[in-house]
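Engineer:
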Amino acid sequence: MKTYSRSAFTLIELLAVIAIIGILSGMLYPAIGHIMENARRTTAANNLHQISIAANAYMRSGPTAKTIRANSVHDWALLLSTNTGLNDAALYILNEDPLVIAQNRETPGQIAFTDSNGQTTINSSFANMPISFAVVSNIAPNAPVSTTPIAWTRGLQASGYWAAEDATCPGVYGNRGGHIVFLDGHVEYYENLLGEDGSGRLVNYYTKQPTVNIEEALNTGAAILDVDSSFGAPVSDPEP
18 MKTYSRSAFT LIELLAVIAI IGILSGMLYP AIGHIMENAR RTTAANNLHQ
68 ISIAANAYMR SGPTAKTIRA NSVHDWALLL STNTGLNDAA LYILNEDPLV
118 IAQNRETPGQ IAFTDSNGQT TINSSFANMP ISFAVVSNIA PNAPVSTTPI
168 AWTRGLQASG YWAAEDATCP GVYGNRGGHI VFLDGHVEYY ENLLGEDGSG
218 RLVNYYTKQP TVNIEEALNT GAAILDVDSS FGAPVSDPEP
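This is the structure in structure tokens:
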């Protein structure tokens, strides 16, 4: 009659396996985090692209080109929702945004509601959420489409850097960078707006020279609409 001996891991072998698993986990965790952040940034870029398409549809509708005029970023989104049907609130609200996280509330589904009489009103849940993008009101209808920004990841400063996460108006990704979408619909991600020679990655609206200040890329009379002061950040307007 045969007898079988039962094999088992020794304590040393077990510790070695645990150590290997720990090393592999330590190597994989940063890579997974990087992949997830890239995926979130891709979503944000796609959101900005859809917003720019709606903005262009509104500006180019009718016999003559017109501009988007609004007093707040929420009203800007409401105008596009009413006139183009872009009614998805989630396009303006990024889950990784520190101001959104601080709200600790579910993202609203719609920007606006239309009653049986055809009257449109803003969704109060949307109106009470911070917006993850800054947008531009009153862009000149004849503005150059490839160099004029229309919206970007919130927190961009005149210095060309995005604000840190602990700032009053924090960058969605802290000071690691953000997206800008231009009138022609193309979206770029920048760590900052300084060119290799320090001159700037944007184009001054009037001089056509490089600039780091996004306000200088806009026409006189255009207004930057940022998150409302109730969310801890002031509205910023360019100098006339």
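For the sequence shown, this note's numbering assigns the number 18 to the initial residue and increments by one for each residue that follows. Beta carbons: idealized from backbone N, C-alpha and C, even for Gly.
(1) Do M146 and V2 come within 8 Å of each other at the CB atom, strictly closer than that value?
(2) Exposed or buried, I29, counting other C-beta atoms within 10 Å across all chains shown (16 or more means buried)?
(3) Taking 8 Å as the cut-off, decide whether the C-beta atoms of N209 and Y222 are in contact.
(4) By the 10 Å Cβ neighbour count, where 16 or more other Cβ atoms means buried, how is I35 classified, buried or exposed?
(5) How big is the Cα-Cα spacing for T59 and T124?
(6) Taking the Cβ atom as the reference point for each residue, do A61 and L111 lie within a distance shorter than 8 Å?
(7) Measuring alpha carbon to alpha carbon, tell me which of I70, R77, V229 ends up nearest L108.
(8) Whole-angstrom Cβ separation of T170 and W179, contact assumed at under 8 Å?
(9) Relative to the alpha-carbon of S154, which residue among I85, A33, N73 has its alpha-carbon at the smallest distance?
(10) Return the first residue and the last residue of the alpha helix (DSSP H) that I118 is part of.
(11) What is the rounded straight-line gap between the Cα of A175 and the Cα of T228?
(12) What's the call for E233, buried or exposed, on a 16-neighbour Cβ count within 10 Å?
(13) How far does the alpha helix (DSSP H) with A94 in it reach, from first residue to last?
(14) Just reading off the beta strand (DSSP E) that Q78 is part of, what are its end residues?
(15) If you draw a straight line from the C-alpha of A240 to the C-alpha of G172, how long is it?
(16) Is there a C-beta anywhere in chain B that falls below 8 Å from the one on N121?
(17) Out of T27, I167, G212, Q136, state which residue places its alpha-carbon closest to the alpha-carbon of D243.
(18) How many angstroms separate the CA atom of L32 from the CA atom of N55?
(19) Mark I148 as exposed unless 16 or more other C-beta atoms lie within 10 angstroms of its C-beta, in which case mark it buried.
(20) With distance defined between alpha-carbon atoms, name the residue in G191, T101, N63 nearest to S78.
(21) Less than 8 Å between the beta carbons of A106 and Q127, yes or no?
(22) Roughly how many angstroms lie between the CA atoms of I37 and S89, to the nearest whole one?
(23) When the Cα atoms are used, what is the spatial distance from P158 to G39?
(24) Between the Cα of S141 and the Cα atoms of N63, P80, N73, L95, which residue gives the shortest distance?
(25) With burial defined as no fewer than 16 other Cβ atoms inside 10 Å of the residue's Cβ, what is the status of N134: buried or exposed?
Structural biologist: Based on what the coordinates show:
(1) There is simply no residue 2 to check, as the chain begins at 18 and stops at 257 in what is shown.
(2) exposed
(3) no
(4) exposed
(5) 19 Å
(6) yes
(7) I70
(8) 7 Å
(9) I85
(10) 115 to 120
(11) 10 Å
(12) buried
(13) 90 to 101
(14) It is worth fixing the name first, because residue 78 is Ser in this sequence and not Gln. That residue, S78, is in no beta strand (DSSP E); it is neither H nor E in DSSP.
(15) 15 Å
(16) Any reference to chain B falls outside this structure, which holds one protein chain only.
(17) I167
(18) 35 Å
(19) buried
(20) T101
(21) yes
(22) 54 Å
(23) 58 Å
(24) L95
(25) exposed
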